[in-house]
Amino acid sequence: MKPSDFTPAVKMKSYACQRRTPLKHHNLFLTDALETLAQNAEFSENEGRSVAFRRSASVLKALPHVVRAMDELKDLPCLGEHSLRVIKEILEDGTSSEVESTRQSEQFQAMKALTGIFGVGVRTADRWFREGLRSPLDLIHTGQKLNHAQQAGVQYYKDLNTPVTKKEAVVISDIVEKTVKAVLPGAIITLTGGFRRGKEVGHDVDFLITHPEEGAEERLMPKIVNCLEDQGLLLYQKTTVNSYLESKDGPARPASNMDRFERCFSIFKLEVDSETHAEGSLSNSCSTHHSGSTWRAVRVDLVVSPYSQFAFATLGWTGSKLFERELRRWAGQEKAMSLSSHALYDSKQQRYLRANSEEEIFTHLGLEYIPPSERNA
Ligand code: ATP
Ligand code: MN
Ligand code: MN
-10 MKPSDFTPAV KMKSYACQRR TPLKHHNLFL TDALETLAQN AEFSENEGRS
40 VAFRRSASVL KALPHVVRAM DELKDLPCLG EHSLRVIKEI LEDGTSSEVE
90 STRQSEQFQA MKALTGIFGV GVRTADRWFR EGLRSPLDLI HTGQKLNHAQ
140 QAGVQYYKDL NTPVTKKEAV VISDIVEKTV KAVLPGAIIT LTGGFRRGKE
190 VGHDVDFLIT HPEEGAEERL MPKIVNCLED QGLLLYQKTT VNSYLESKDG
240 PARPASNMDR FERCFSIFKL EVDSETHAEG SLSNSCSTHH SGSTWRAVRV
290 DLVVSPYSQF AFATLGWTGS KLFERELRRW AGQEKAMSLS SHALYDSKQQ
340 RYLRANSEEE IFTHLGLEYI PPSERNA
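Below, the structure is given as structure tokens:
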């Protein structure tokens, strides 16, 4: 077949939230390259450039075929000059020199290693890089001052950079479900994040918790955390209480893209079968747990939402990050609405639009419903 036989009959929509993006797609060789450049732009805090590369990659993820020639791209949205140049080089030479030199650069590798530590953002990693540090071990050797999160991040570095499997996520779901229901009978626990989108591995496990009786969920997180701690299940936790009620700015206009739910960023101590563990422990360089133990560290995010905001919270915590970003951009630019993980505000009608399900939110936004498994933008 000629490449043109694959040309999609329907014009690709320009917002990622208007398209279906499956988890497995046909252009990983191109999207990996573009996402490397996006990540590199994030390392230099160039958000505009980073989003541009991520949008380009996302368009290619939504294509139903492998890209083989430049003319297949001519009707596609979001592909800027720079992305097209990179794609062209890969189609012609098999690799892009810019992408390869980025991947090999000392700065990129160090920033990847340092931002790969839980609790370390781009700013901190960049400062350490400029001080000559390159890896978590360098932090230990030079006796860097670390906060609690970063100490845990270094201590469990190896484990936390080992992908969490779906199987492990299911085990953790059981634990969280039992614990939350013991603390608050009738509570509803939903697995969100990448696993809800059908991913087979993740960097953490994300949960959203609510209760049908509005208000029953207030101050729930500390009780959950206590219960988990009593069972010896937490290696680290940082709980943030809900600041939504106290805050003065409108619910759909948070100061940043951080929402204001009661939440807990944690590291679970997960029992593993000794067979699986034997392999992993050999190279567990930074972790202090010795080879006789049978557990590993896993990042878990817990979020508590009032029932009235549950649909918005579910949509907001399911991702992908680009899909979320595009939903908000669509709401603002195309609908004069403001979407957050708490609410949807219609500026024309000057009122909040209620929703009891994700489907209703898509309807309010004038979008076709996209199921979680196709939000892998
Ligand atoms: P991974 O498998 O790497 O964990 P993921 O899609 O689950 O992939 P997360 O970083 O766990 O990625 O984020 C899950 C969802 O939660 C995303 O949609 C993201 O927008 C949302 N999210 C993450 N952190 C915050 C935050 N601080 N405030 C609001 N939403 C957040
Ligand atoms: Mn996640
Ligand atoms: Mn998360």
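Everything in the sequence shown is counted per our numbering, starting at -10 for the first residue and increasing by one.
Cβ atoms here follow ideal geometry from the backbone N, Cα and C, with glycine treated the same way.
Quantities reported herein were computed from a predicted structural model and do not represent experimental measurements.
Beta-bridge pairing of residue i - partner residues as DSSP gives them
i           : result
residue 252 : 229, 292
residue 286 : 258
residue 160 : Note: residue 160 sits in no beta bridge, so no partner.
residue 358 : For residue 358, which the question treats as bridged, DSSP gives no partner whatsoever.
residue 326 : 335
residue 197 : 179, 292
residue 191 : 153
residue 10  : 364
residue 223 : 257
residue 340 : 335
Buried versus exposed, by CB contacts within 10 Å (16 or more), residue i
i           : result
residue 337 : exposed
residue 258 : buried
residue 366 : buried
residue 262 : exposed
residue 20  : buried
residue 241 : Note on residue 241: pLDDT 49, under 50, position unreliable in the model; no value is reported.
residue 14  : buried
residue 314 : buried
residue 74  : exposed
residue 370 : Here the chain comprises residues numbered -10 to 366, so residue 370 is not present and cannot be evaluated.
residue 245 : Bear in mind that a pLDDT of 46 at residue 245, under 50, signals an unreliable position, so the model cannot answer this.
residue 58  : exposed
residue 94  : exposed
residue 249 : buried
residue 237 : Interpretation of residue 237 is limited by its pLDDT of 47, a score under 50 that renders its predicted location unreliable; the figure taken from the coordinates is listed afterwards. Classification for residue 237: exposed.
residue 339 : exposed
residue 70  : exposed
residue 350 : buried
residue 226 : buried
residue 220 : exposed
residue 298 : buried
residue 112 : exposed
residue 157 : buried
Closer than 6 Å: residue i CB and nearest ligand 3 heavy atom
i           : result
residue 193 : yes
residue 290 : yes
residue 182 : yes
Ligand 1 heavy atom lying under 6 Å from the CB of residue i
i           : result
residue 306 : yes
residue 47  : no
residue 13  : no
residue 248 : yes
residue 2   : no
residue 310 : yes
residue 313 : yes
Cβ pair residue i, residue j closer than 7 Å
i           : j           : result
residue 374 : residue 27  : With the chain covering only -10 through 366, there is no way to say anything about residue 374.
residue 333 : residue 316 : no
residue 194 : residue 289 : yes
residue 142 : residue 108 : yes
residue 42  : residue 68  : no
residue 296 : residue 199 : yes
residue 197 : residue 302 : yes
residue 217 : residue 256 : no
residue 293 : residue 251 : yes
residue 11  : residue 347 : no
residue 33  : residue 5   : no
residue 123 : residue 138 : no
residue 253 : residue 283 : no
residue 146 : residue 174 : no
residue 8   : residue 0   : no
residue 78  : residue 72  : no
residue 345 : residue 300 : yes
residue 212 : residue 160 : no
residue 177 : residue 166 : no
residue 320 : residue 354 : yes
residue 189 : residue 155 : yes
Chain B within 7 Å of residue i, Cβ atoms only
i           : result
residue 358 : The displayed structure is made up of one protein chain only, and chain B is not part of it.
Contact the region 300 to 309 vs the region 175 to 184: 3+ CB pairs below 8 Å | yes
Is it true that the region 55 to 65 meets the region 82 to 89, where meeting means three or more beta-carbon pairs spaced less than 8 Å apart?
-> The region 55 to 65, when compared against the region 82 to 89, does not touch it at the 8 Å Cβ threshold.
Below 8 Å, can you find three or more Cβ-Cβ pairs linking the region 112 to 130 to the region 149 to 158?
-> no
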